[in-house]
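K.L.:
Residue numbers (the working numbering): 6 to 349.
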């Protein structure tokens with residue numbers, strides 16, 4: 006057997022080193038290929054895949070609300086009533102309290118399109134001014150009632166130890182005869198408030214506080230029921246498990262999830278407050294005669310109702326139309342904010 010020469014032995018020894026070098030080069034080229042494929046494109050805008058536009062919750066609510074024909078018609082009519090009472094006085098500038106005895110009990114004319122009352126005051130301007138007062142009373146009383154009802158409802162639903170006493174308080178107010186209670190409050194406090202704050206301001210403050218303080222119970226019951234259901238949801242339990250304080254829990258998790266029933270209750274509360282104010286003014290316990298409201302116009306038209314029926318029809322029609330439109334808007338909001346209906 007012949008022994009290998011020194012050159013052959015050196016060649017065999019160099020083969021493993023050459024083989025390792027080729028493997029390293031191949032591995033480096035394979036590693037560089039993915040890196041090259043991950044380089045940013047020349048035109049990032051065109052290369053970015055199109056993502057579907059996300060729709061917000063309020064856009065879905067508005068889309069569902071628009072599908073409610075009655076609510077949309079009511080919204081248009083309510084906006085028209087607001088324009089009539091808010092923008093109308095800037096166009097028809099006759100003072101609603103101006104007395105013109107020589108032109109009393111006149112019919113429609115160019116000077117007075119809806120005629121005048123028994124003191125010669127313009128009926129059209131009084132309807133506009135009365136609408137401002139009635140709607141302002143409804144809005145303000147609604148804010149008081151919804152704020153108080155939401156506060157009591159959240160406290161009763163979230164804190165177990167407050168549930169029983171606050172529930173009994175709600176039932177107590179629901180059992181009270183509201184109209185006699187309102188009449189008693191107006192009779193007792195109207196004169197002191199009128200002396201200290203003025204006739205108009207004192208009466209307005211008294212009526213809105215009286216209506217708001219006696220109409221918060223429905224909102225409280227609705228909010229309490231929703232909070233009791235939310236307390237058992239997974240995200241509430243998760244937030245409680247990480248030590249979220251009660252104040253932050255209510256403000257960040259509970260309150261945003263009960264805004265829908267609160268808004269519906271607020272809408273319906275406007276109609277209830279307008280009716281209550283009109284009833285008080287119709288009974289002569291509301292605003293003074295020189296402070297027109299729709300209910301006061303009805304009260305002033307009672308003695309001459311058979312001779313001049315339009316003096317009763319016009320304010321009564323505006324009250325009915327306002328209450329009906331607000332109720333339809335509330336009905337549409339309730340359907341639009343219900344996720345079970347909105348998802349259909």
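Beta carbons: idealized from backbone N, C-alpha and C, even for Gly.
Where are the alpha helix (DSSP H) runs, 4 residues long or more, that stay fully inside the region 291-334, in chain order?
P.N.:
As far as the region 291-334 is concerned, its whole alpha helix (DSSP H) runs of at least 4 residues are 299-306.
K.L.:
Give me the Cα-Cα distance between residue 311 and residue 216, rounded to the nearest whole angstrom.
P.N.:
Distance between the alpha carbons of residue 311 and residue 216 is about 32 Å.
K.L.:
When burial is assigned at 16 or more other CB atoms within 10 Å of the CB, is residue 158 buried or exposed?
P.N.:
Result: buried.
K.L.:
What alpha helix (DSSP H) runs, 4 residues minimum, are completely inside the region 219-243?
P.N.:
Runs found: 222-235.
K.L.:
According to DSSP, simplified to helix, strand and coil, what is residue 168?
P.N.:
Looking at residue 168 - three-state DSSP - the assignment turns out to be helix.
K.L.:
Our contact map puts residue 337 next to residue 233 with C-beta atoms below 8 Å; I'd like the distance itself, whole angstroms only.
P.N.:
Not a contact, Cβ separation roughly 26 Å.
K.L.:
Are the beta-carbon atoms of residue 182 and residue 231 separated by less than 8 Å?
P.N.:
Cβ distance not < 8 Å, so residue 182 and residue 231 don't count as in contact.
K.L.:
Considering only the alpha carbon of each residue, which of 67, 121 and 98 lies closest to residue 106?
P.N.:
Considering only alpha carbons, the answer is 121.
K.L.:
Which of helix, strand or coil does DSSP assign to residue 204?
P.N.:
In the structure shown, residue 204 sits in a helix (DSSP, three-state: H, G or I).
K.L.:
From residue 66 to residue 72, what distance separates their C-alpha atoms?
P.N.:
If you take the alpha carbons of residue 66 and residue 72, they lie about 10 Å apart.
K.L.:
Helix, strand or coil for residue 340, going by three-state DSSP, please let me know.
P.N.:
Reduced to three states, the DSSP call for residue 340 is helix.
K.L.:
Taking the C-alpha atoms as reference points, what is the distance between residue 5 and residue 170?
P.N.:
Residue 5 falls outside the range modelled here, since the chain spans only 6 to 349, and no answer is possible.
K.L.:
Within 8 Å, do at least three Cβ pairs link the region 125-135 to the region 93-111?
P.N.:
As far as the Cβ criterion goes, the region 93-111 touches the region 125-135, which means the pair count is three or higher.
K.L.:
Could you check the C-alpha separation between residue 113 and residue 314 for me, to the nearest Å?
P.N.:
For residue 113 and residue 314, the distance between alpha carbons rounds to 13 Å.
K.L.:
On the premise that residue 186 lies in contact with residue 198, defined as a C-beta separation below 8 Å, what is that separation, rounded to the nearest angstrom?
P.N.:
That pair is no contact at about 17 Å.
K.L.:
For residue 174, tell me which candidate among 222, 144 and 138 has the shortest Cα-Cα distance.
P.N.:
Checked all of 222, 144 and 138; the closest Cα to residue 174 is 222.
K.L.:
Return the CA-CA distance between residue 155 and residue 295, expressed in angstroms with no decimal places.
P.N.:
Rounded to the nearest angstrom, the two C-alpha atoms are 36 Å apart.
K.L.:
Measuring only the C-alpha atoms, how far is residue 76 from residue 89?
P.N.:
When rounded, the distance between both Cα atoms is 20 Å.
K.L.:
Specify, as a first and last residue, the run of the alpha helix (DSSP H) that residue 72 falls within.
P.N.:
Counting along the chain, residue 72 falls outside any alpha helix (DSSP H), and DSSP gives it neither H nor E.
K.L.:
With 16 as the cutoff for other CB atoms within 10 Å, does residue 334 come out buried or exposed?
P.N.:
Buried.
K.L.:
Can you tell me which residues form a DSSP beta bridge with residue 127?
P.N.:
Paired residues: 121.
K.L.:
Name the two residues that bound the continuous alpha helix (DSSP H) containing residue 251.
P.N.:
251-254 is the extent of the alpha helix (DSSP H) around residue 251.
K.L.:
What number of angstroms, rounded off, separates the C-alpha of residue 248 from the C-alpha of residue 272?
P.N.:
Whole-angstrom Cα-Cα distance: 36 Å.
K.L.:
Specify the secondary structure class of residue 18 as computed by DSSP and reduced to three states.
P.N.:
Any reading at residue 18 must be qualified, since the residue scores a pLDDT of 49, below 50, and its modelled position is unreliable; no value is offered.
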